[in-house]
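Participant: Have a look at this one before I ask anything.
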Amino acid sequence: MEQKVKKIPMRQCLGCNSHKPKREMMRVVRLPDGNVVLDLVGKVSGRGAYICHDISCFKKARKAKRIEHILECEIPESIFDKMEQEIESGDGK
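Okay, so the sequence shown: first residue is 0 according to numbering that gives the first Met the number 0, each after it adds one.
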């Protein structure tokens, strides 16, 4: 019998527009109640936006307001600060 190949979910970075595996990216989520949170485990329910763990991608997406556009809401400054800390700490991939 043939063994099934597991499909790896791919997502597009809002900074560099490259497609990468979902697990290698940082996710920001707009919850159904309208709040915005940083999703580090990839399990939070809501509308998500993805960014590479690269400071240049983050800055590019932030400057062009791509995250706000995708999530269709304002992003609190605290979320941007958390994202920047997460990228700079290197805790991600």
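Glycine included, every Cβ here is placed at the ideal spot set by N, Cα and C.
What are the boundary residues of the beta strand (DSSP E) that residue 38 is part of?
Facilitator: It spans 35-38 - the beta strand (DSSP E) in which residue 38 sits, taken as one unbroken run.
Participant: Within its chain, find whatever has a CB closer than 6 Å to the CB of residue 8; leave out the 5 residues flanking it on each side and keep chain order.
Facilitator: So the list reads 21, once near-sequence residues are dropped.
Participant: Please report the distance separating the alpha-carbon of residue 53 from that of residue 44.
Facilitator: Distance between the alpha carbons of residue 53 and residue 44 is about 24 Å.
Participant: By a C-beta neighbour count over all protein chains shown, 10 Å radius and 16 as the cutoff for buried, is residue 63 buried or exposed?
Facilitator: Exposed is the call here.
Participant: What did DSSP end up calling residue 19 once you bin it into helix, strand or coil?
Facilitator: Three-state result, residue 19: strand.
Participant: At 4 residues or longer, what runs of the alpha helix (DSSP H) sit wholly inside the stretch 28-68?
Facilitator: Here the runs fully enclosed are 54-62.
Participant: Provide the residue(s) that pair with residue 25 in DSSP beta bridges, ordered along the chain.
Facilitator: DSSP lists 50 as partners of residue 25.
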